[in-house]
Structure formats: structure tokens, C-alpha cells
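The sequence shown lines up with residues 3 to 478 when you count with our numbering.
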Amino acid sequence: MRKRLLLVVTLLGLSTYVLGQNKQLLYDFAEIPQSLIINPGVESDFKWYTGVPMLSGVSLQAGSSGISANDIFADDGLDINDKIRDRAIFGMNPRDELSGTYQIELLNIGFRGADPDLFYSMGIYHEGDAIGYWFQDYAILAYEGNADRLNQEFDLGHLKTRGEAMNVFHFGANKRMGDKMTVGARAKIYSSIFDFNSTKNKGFFVTTEGQNNILATTLDADMRLRTSGLNELSDAEEDGTIGSTFLKRGFFGGNLGLGLDLGFTYHLNEQTVITASLLDLGFIYHTNDVKSYTLDGNATIEGVEVILPDALSDPDRDFWQDLVDEVEAFVPFEDNTKSYINFRPTKLYGSVRYDFGERLPSRVDCDCGTAIRGGNLRAKYANSVGGQLYMINRPRGPQAALTAFYLRRLGNVAAIKATYTIDKFSTSNVGLGLNLQAGPVNMYILADNLLAYRNIAASRYASFQLGLNIISWGKK
């Protein structure tokens, strides 16, 4: 079991530190084909497009709401042990998180059907997502021990974490419904590579005085760790076949699930627009290579003195094994291979946009605007301003962000979007996105939290996206 747990911790660490979720710069940036991925109901004027595999949609995001590297390692004259104690151990709380996502497009194409009001898109992307909340009571117990904390209950529910990697196969349809409304939907098949989650833990650990001044340790636990795919990946690592195992599990050789995205764009009037999308309404049914661990029950044990952290410094006595043997005799520790269902982190976007300024000429060979609507096209404006809302379902409840944005179109050659976002990671997140169109070649790069680049070590959030596409608008 230790080996499996070590693999889980390693995967979580890599996911959170190398890699948030919010794509506020890409949302409703209709010049970029990938905007269809986060709102299948976005207005588009493409006849067809194709992404360059592995380069058309790459995104990495990472966030830490409680602490940054600079908080601990800055050369500020303070003792590092004091900073660890004050800023990390006691400075963070169980709602603080480390989280991250990454996404790489393997295939992405779109085309307009025989009905000019219908646009289809399909593709495959690889995605990973992980989150871990600060396990405050565990950290206090490990750092200070229980010698001076008799009768204090350490909350086992502070441990909440989950992570997954998968390939997503998707097909979407986008349709204009009259002059004001565009709606869209996207069906998804998830092919899970690995999954781990431990989010419903309850219980406590407490040390009290027992009879005859002997310490008594009480454990009341209802804990569960569920995993899938990790055993197969661990074996593949030993056999040197990790790459082929990843590919096999990502292409229908792992656990499968279904999902749905929904979205719309609605014009209140010629220049005022509202949009919304609901993403990843779905689940994965884990039946393949499943291994779960449970600790369920309660026990009070006397006669075993485990005083932390002093017990760690005695090499001649295995305090831990003594305690484990006693606990396992009273509190059932079990593992099983039962199937389980895991729901995806559902995401919600919404926006209000006001368009103004110069009306731009169409890319299509006619004098009627840009958005193809059966020959009657809606014009685009040089400027757009508005606000966006983002929410995601997380283990400790919904997580939200608010964004104000300004979009400037420089003819049909370039567009620049600037954003200011407030969320749990930052109150000064300024982002900038650039989209360039050189003939049929489309290139974009989007980056968040630019003010933090003055001191990256002090940043608690980072995000960037880039892509390369080929686009055709056709002719009237």
C-alpha cells in the first residue's frame, strides 16, 4: 500500500506544482476556434477550421491560495523555521488549496454543414486536473506533536484531495436560431488514464490521560481513498512500458464515461449580448484496475506511548509499528476492488458584453458583416467591453471568479483582449490575450496574472494558453 500511496502523492504533487481552471481570456473570444470548446453556443463565422495537432490548444494553469514560494524562501532576514510555522503551518487553513490543470489538443476540426446556420466541431484532447486542500491538523500534529496538546481533537476531515488524467473525445453542433439566438451542445466520451480521490473523510485523533497516568490514544475514523489505473501504471513503470500504457488507457483501454456541454449566445439588442455555458455535466464509471482503501471504526488504546515528534528520533524502537498493530486490531483497515462512479468538476461560465465603435468589414466575400446566418450576417464591432462570471464545483464547495474585460479588434488581422480577474488566488490578476490572423493561419497566445511576473516566486497563480490553427471563411 505504501508504494501506491507514494505514487498518488507524487502524481498530486506534479500536477499541482507544474500545472486553476478558469479560461476567462479564451471565453467568448470568437476569433479563436478553441472558444467553441468552452462555449459550444459561441457565434462563429468560419466555413471550416483545423487545429495543428499538439499545437492548436495548449493550456497550463496553477494556483495556490494560501502561500507562495517567496513567503518561505525570501531573503527578508526572518528565520525560515518561524516562517514555516507562522505562514504555512498556522497561516493557512483547510480551505486553502493547491490546484492545477493542463490540456493538450490532439485533434480539433470544425466545418459548416449544408445548412449555413449549422456548424459542427469534433476532436480529441488530453486533460489532467488535480486539487489538494491544506491538511492543517495533520501538519500541526506532525510539526508540533501531541505531547503539549492533550485532549485536542485533530480533524481527519482536513484531508481532501482528488486528481485525474484522461483523453476526451467530443462532437459538437452549433446552430443559429433566428436573428438573436445561437445555441450549441457538445457530447463527450471520457477515457480515464488514472484517477484518485479522497474527499469524504471524517473523524478525529486525540490523546488523553488514561488510567494510572498512561496516555490513551483515541482514533475515530471514516476515511476512504479510491484509485483506478494506478496499479497498472506502477507496473508499467517497472516494466518500462509506461508510454504505451498511457496510450492504451487513453484510447478506450481504461475506464469510460459520458459528458455533455451546453451553451448559448443571445442578443438583447444589436450591441448588447449575453452568453453562458455549462461544461462537463458528466461522470466516469471506474471498473478497470480499481483499488480502494478504507479506515472505518473507532478505538481507544492505552499503554502505547507515541509522543510526536519525539518518537521519530528514536531509531531503536518502532513506535509506529506498535501503534499500527494496536489500531488495526480495533479499527478495520480494508482494501477492495469495488467499482465506483466519479463525477466531473462541472464548470459554469456567463457574460454580458457591449459592442461599440466601428463596424468591421466581413472576412466573407460580401458586404453583410461577419456571422454567417443564411446570407444575413451580423456585423462585428471594433470594441467590446463587459463582465464574466466563472464557477467550478470543487470538493469544498463551488469556487467562483469575476472578470472585467475589454476586447479591441484591429480590422480582421488582429484582436487583443485584456482582463482583470478577482478570485481566491488573487485580487490583482491582469491578463492579456493576442490573436493574429495571417491569411488562413491563426495564432494566439493568452497569459494571466502578468503583474506577478515582476516576482514570479511571489505569485500564487499562473496561466497561459497558446494555439495554431488553419481557418477558411469561404465565399458567399
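Here a beta-carbon is modelled for each residue, glycine too, at the ideal position from N, C-alpha and C.
State the start and end residues of the unbroken alpha helix (DSSP H) segment that holds residue i.
i, result
"residue 144", "138-146"
"residue 247", "244-250"
"residue 74", "71-75"
"residue 233", "232-241"
So, residue i versus residue j, is the Cβ gap smaller than 7 Å?
i, j, result
"residue 298", "residue 233", "no"
"residue 230", "residue 174", "no"
"residue 48", "residue 473", "yes"
"residue 263", "residue 235", "no"
"residue 251", "residue 342", "no"
"residue 365", "residue 475", "yes"
"residue 352", "residue 420", "no"
"residue 276", "residue 287", "no"
"residue 198", "residue 167", "no"
"residue 406", "residue 433", "no"
"residue 53", "residue 110", "yes"
"residue 454", "residue 465", "no"
"residue 177", "residue 120", "yes"
"residue 436", "residue 418", "yes"
"residue 424", "residue 404", "yes"
"residue 184", "residue 43", "yes"
"residue 361", "residue 386", "no"
"residue 301", "residue 249", "no"
"residue 256", "residue 194", "yes"
Could you round the C-beta distance between residue i and residue j to whole angstroms and report it? I think they count as a contact, below 8 Å.
i, j, result
"residue 384", "residue 393", "That pair is no contact at about 31 Å."
"residue 226", "residue 294", "7 Å"
"residue 470", "residue 447", "Between residue 447 and residue 470 the Cβ distance is about 10 Å, and since that is not below 8 Å, they are no contact."
"residue 283", "residue 339", "About 28 Å; that fails the 8 Å criterion."
"residue 133", "residue 218", "Not really, about 36 Å apart at Cβ, beyond 8 Å."
"residue 337", "residue 27", "With a Cβ gap of about 44 Å, residue 337 and residue 27 do not count as contacting."
"residue 38", "residue 104", "Residue 38 to residue 104, Cβ: 20 Å. No contact."
"residue 397", "residue 201", "4 Å"
"residue 135", "residue 170", "The pair is not a contact, with the Cβ atoms about 25 Å apart (cut-off 8 Å)."
"residue 223", "residue 205", "4 Å"
"residue 265", "residue 24", "About 16 Å; that fails the 8 Å criterion."
"residue 93", "residue 64", "Actually they are not in contact, since the Cβ atoms of residue 93 and residue 64 sit about 20 Å apart, beyond 8 Å."
"residue 273", "residue 139", "The Cβ separation is near 54 Å, so there is no contact."
"residue 344", "residue 285", "7 Å"
"residue 114", "residue 50", "7 Å"
Ends of the beta strand (DSSP E) at residue i?
i, result
"residue 337", "335-338"
"residue 109", "99-114"
"residue 38", "Looking at the DSSP string, residue 38 is not in any beta strand (DSSP E); the run it does join, the alpha helix (DSSP H), is 37-40."
"residue 85", "Where residue 85 is concerned, there is no enclosing beta strand (DSSP E), although the alpha helix (DSSP H) it sits in stretches over 82-85."
"residue 466", "463-474"
"residue 388", "383-394"
"residue 401", "401-412"
"residue 300", "292-304"
"residue 432", "431-440"
"residue 357", "349-361"
"residue 419", "416-424"
"residue 68", "Run containing residue 68: none; DSSP gives neither H nor E here."
"residue 25", "Per DSSP, residue 25 belongs to no beta strand (DSSP E) and is neither H nor E."
"residue 268", "257-269"
"residue 447", "443-449"
"residue 204", "204-211"
"residue 342", "342-345"
"residue 278", "274-288"
inquiry  = Does the contact criterion of 3 or more C-beta pairs under 8 Å hold for the segment 148-164 versus the segment 200-213?
reply    = yes
task = Taking only runs that begin and end inside the segment 117-189, name each unbroken alpha helix (DSSP H) of 4 or more residues, in chain order.
result = 138-146
message = When you compare the segment 125-139 with the segment 73-89, are there three or more beta-carbon pairs, one atom per stretch, that lie closer than 8 Å?
response = no
task = Could you tell me whether the segment 150-164 touches the segment 239-248, using the rule of 3 or more Cβ pairs below 8 Å?
result = no
task = Please confirm if the segment 78-86 is in contact with the segment 62-70, defined as three or more CB-CB distances below 8 Å between the two stretches.
result = no
request  = Note down, one range per segment and in chain order, each beta strand (DSSP E) of at least 3 residues found wholly within the segment 27-66.
outcome  = 50-53 and 60-66
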